[in-house]
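Shown next, in structure tokens, is the structure this report addresses.
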Amino acid sequence: MPLTKHSWGLTALAATSGIGAWLIWKTLHATNAKTKQKHHGSPLNIIVAANKTTMTDASERSTTSTATTLTTCSTLGEEEIKEAWEGGHENINLKILRHLLEAKQARRKSRKRQNNQYSKLNLFSHLLTRLETTLDEQTRIETKLLRMQQHQPLALPPSTTPIPQQPSSHNNSTVCMVVQRYRGATLLCDEQEIVRVGSNTSVDHTLSMTKPSGGKAYCGLLIYVSFAQGCTQQAVKAASKIVVNLPLLTLGGWGDGSKTMNVIDLAKSHPNAASITIVPQANLINKIKGQGKSIQYHGQIDKEEGNALYHYFVNSIRGLVLEQQCKWRDQPLPDWYAKACSAQTGTTPERVSPAIPPEDLFRTPMYKSWDEKGIPLTDSEDEPMTKSAQKRLRKTQAAHRVRHLRYHQYVKNRGGAEAPHQEKENQKPSEQSSQQHWATAIDESFVQVVAGSFGKRQSLEFTSCMGPLCHVVQI
1 MPLTKHSWGL
11 TALAATSGIG
21 AWLIWKTLHA
31 TNAKTKQKHH
41 GSPLNIIVAA
51 NKTTMTDASE
61 RSTTSTATTL
71 TTCSTLGEEE
81 IKEAWEGGHE
91 NINLKILRHL
101 LEAKQARRKS
111 RKRQNNQYSK
121 LNLFSHLLTR
131 LETTLDEQTR
141 IETKLLRMQQ
151 HQPLALPPST
161 TPIPQQPSSH
171 NNSTVCMVVQ
181 RYRGATLLCD
191 EQEIVRVGSN
201 TSVDHTLSMT
211 KPSGGKAYCG
221 LLIYVSFAQG
231 CTQQAVKAAS
241 KIVVNLPLLT
251 LGGWGDGSKT
261 MNVIDLAKSH
271 PNAASITIVP
281 QANLINKIKG
291 QGKSIQYHGQ
301 IDKEEGNALY
311 HYFVNSIRGL
321 VLEQQCKWRD
331 QPLPDWYAKA
341 CSAQTGTTPE
351 RVSPAIPPED
361 LFRTPMYKSW
371 DEKGIPLTDS
381 EDEPMTKSAQ
391 KRLRKTQAAH
401 RVRHLRYHQY
411 VKNRGGAEAP
421 HQEKENQKPS
431 EQSSQQHWAT
441 AIDESFVQVV
451 AGSFGKRQSL
461 EFTSCMGPLC
471 HVVQI
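For the sequence shown, UniProt numbering gives the first residue as 1, with consecutive numbering after it.
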């Protein structure tokens, strides 16, 4: 019999007292008597004593009880139980219980040990637990099959499947676009001017033909775009390339087998046919809650940052169209565009004289206002520059400052005679804005690019007789 908490204290006392031995014997004797009385008075011992069972008798009685329970606790026939079991119901473990009991009895008999009270109690307790579980499962099976026979809906237990997250429109993406095609469209720009692209025929008229009348064919891309928090110019640049390369446009009708192509291929094969219409839609970044009862827009980017990224997105598309136009027509890129590309990539613009002071490096028509160090604050359209763009411009200015100091050191060593500054006049701000640059650079007969006004009303109409072929693009 293991020592109890009282026995440990008396053991320590025995080390210093001669009476300790007698006290230990007395305590153990009392503990033994209480323990035996407790065990003999337990319900399981009463059952075992009342039946005067041995381990083999308990096994046989338990097996008989199991069979009796399986027969009396269920009103189902063997065919129904077998069918329910083979149907793959996870809650039915009658077959497993029978197998476990038979295997346990076989192991007990094969060991050929001398029976003792504890093995009998353990076996009996195990059988009682399994029988209770079996009764519960049998009751559930009976109820389920009875309701199935009566064609009543089941009251299923609570599901343990985790609740799915509320649907979100961007799923960790920072640029969200909805792209579709049209035959013709009109868009309100700056809440003052309505710009029309493509065919201006009515819906009824376009449905009656595969191609617009007059020997002309039109097709364009309609782009809804929005930016989420954490969006960068690299992601916006990637989105602009996707827009230009998407093969969605066609001059045929729906299901006629006509070939689809991107906007550049359409412009090369059919002059005056291709166009792109861009509409800012901040609400594309949203989160639906309460099964559609509420909408949250917490994931949207800051309005100032979103405005700057939207203009960068529009100009990136215009730039890609301009590059393809010049390449197709074997023309050089405009100087202002080449310098703009150099500034955006963080490198010093080509053909810039080192004699230009670093404070005047970015005083070009591309920008409208600057800080005291010459870093642009707003672009030509008076839109604020993003922090990342200003960071790249500071690096460019720092590199140019090194070239500027080396240039002055070279001039000083040559006796103070400065080299002729032929390009300084070209760096003065011009009255021509960036919008005027784009208006004259891109030929509308190649691709007409129309952009809505950020933060203003977007009044839009379009027709798509060949089907919109709508796509959602997330970057």
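A virtual CB, placed ideally from N, CA and C, is assigned to each residue, including glycine.
Close beta carbons around residue i, own chain, < 6 Å, minus the five adjacent residues each side
i           : result
residue 235 : 174, 175, 475
residue 188 : 194, 459
residue 190 : 453
Cβ shell of residue i (< 7 Å), same chain only, five flanking positions each side left out
i           : result
residue 325 : 442, 443, 446
residue 312 : 233, 236
residue 394 : 375
residue 245 : 262
Straight-line gap, residue i to residue j (C-alpha atoms, nearest Å)
i           : j           : result
residue 180 : residue 219 : 11 Å
residue 377 : residue 255 : 51 Å
residue 400 : residue 389 : 17 Å
residue 329 : residue 177 : 30 Å
residue 485 : residue 355 : Absent from the model: residue 485. The displayed extent of the chain is 1 to 475, so no value can be given.
residue 457 : residue 289 : 26 Å
residue 370 : residue 452 : 26 Å
residue 261 : residue 379 : 34 Å
residue 232 : residue 386 : 10 Å
residue 263 : residue 272 : 11 Å
residue 249 : residue 280 : 21 Å
residue 199 : residue 321 : 21 Å
residue 473 : residue 247 : 14 Å
residue 223 : residue 172 : 20 Å
residue 147 : residue 230 : 55 Å
residue 327 : residue 411 : 41 Å
residue 413 : residue 274 : 58 Å
residue 251 : residue 257 : 11 Å
residue 477 : residue 353 : With the chain running from 1 to 475 in the structure shown, residue 477 is simply not present.
residue 259 : residue 243 : 18 Å
residue 364 : residue 285 : 35 Å
residue 477 : residue 439 : An answer regarding residue 477 cannot be provided, because it is not within the stretch 1 to 475 covered by the chain.
residue 44  : residue 137 : With a pLDDT of only 42 at residue 44, under 50, the local geometry of the prediction cannot be trusted, and the value read off the model is given with reservation. In a straight line, the C-alpha of residue 44 is about 24 Å away from that of residue 137.
residue 144 : residue 225 : 53 Å
residue 91  : residue 126 : With a pLDDT of only 48 at residue 91, under 50, the local geometry of the prediction cannot be trusted, and no value is derived from it.
residue 310 : residue 267 : 24 Å
residue 197 : residue 287 : 33 Å
residue 265 : residue 323 : 14 Å
residue 468 : residue 192 : 27 Å
residue 402 : residue 409 : 11 Å
residue 423 : residue 221 : Residue confidence is low: residue 423 scores 40 on pLDDT, short of 50, so the model does not pin down where it sits. Its coordinate-derived value is still stated next. Residue 423 and residue 221: Cα-Cα distance of roughly 41 Å.
Proximity of residue i and residue j at Cβ, strictly below 7 Å
i           : j           : result
residue 480 : residue 295 : Lying before the first or after the last residue shown, residue 480 is absent from the chain, which here runs from 1 to 475.
residue 368 : residue 382 : yes
residue 283 : residue 454 : no
residue 183 : residue 464 : yes
residue 334 : residue 404 : no
residue 336 : residue 471 : no
residue 466 : residue 292 : no
Expected contact under 8 Å - CB spacing of residue i and residue j to nearest Å
i           : j           : result
residue 449 : residue 195 : With 8 Å as the limit, residue 449 and residue 195 do not qualify as a contact, their Cβ atoms being about 10 Å apart.
residue 277 : residue 461 : Wrong, their Cβ atoms sit about 11 Å apart, outside the cutoff.
residue 217 : residue 298 : Incorrect: roughly 44 Å between the Cβ atoms, too far for contact.
Same chain, Cβ closer than 8 Å to residue i, five either side skipped, listed in chain order
i           : result
residue 304 : 384
residue 366 : 336, 339, 340, 343, 376, 379, 380, 434
residue 397 : 358, 361, 362, 373, 374, 375
residue 331 : 325
residue 132 : none
Near the ligand FMN: residue i beta-carbon under 6 Å from a heavy atom
i           : result
residue 384 : Looking at this structure, you won't find the ligand FMN or any other ligand, since it has none at all.
Can you find at least 3 beta carbon pairs, one from the stretch 311–328 and one from the stretch 239–246, that sit closer than 8 Å? Inter-segment contact for the stretch 311–328 and the stretch 239–246 is present: three or more beta-carbon pairs are separated by less than 8 Å.
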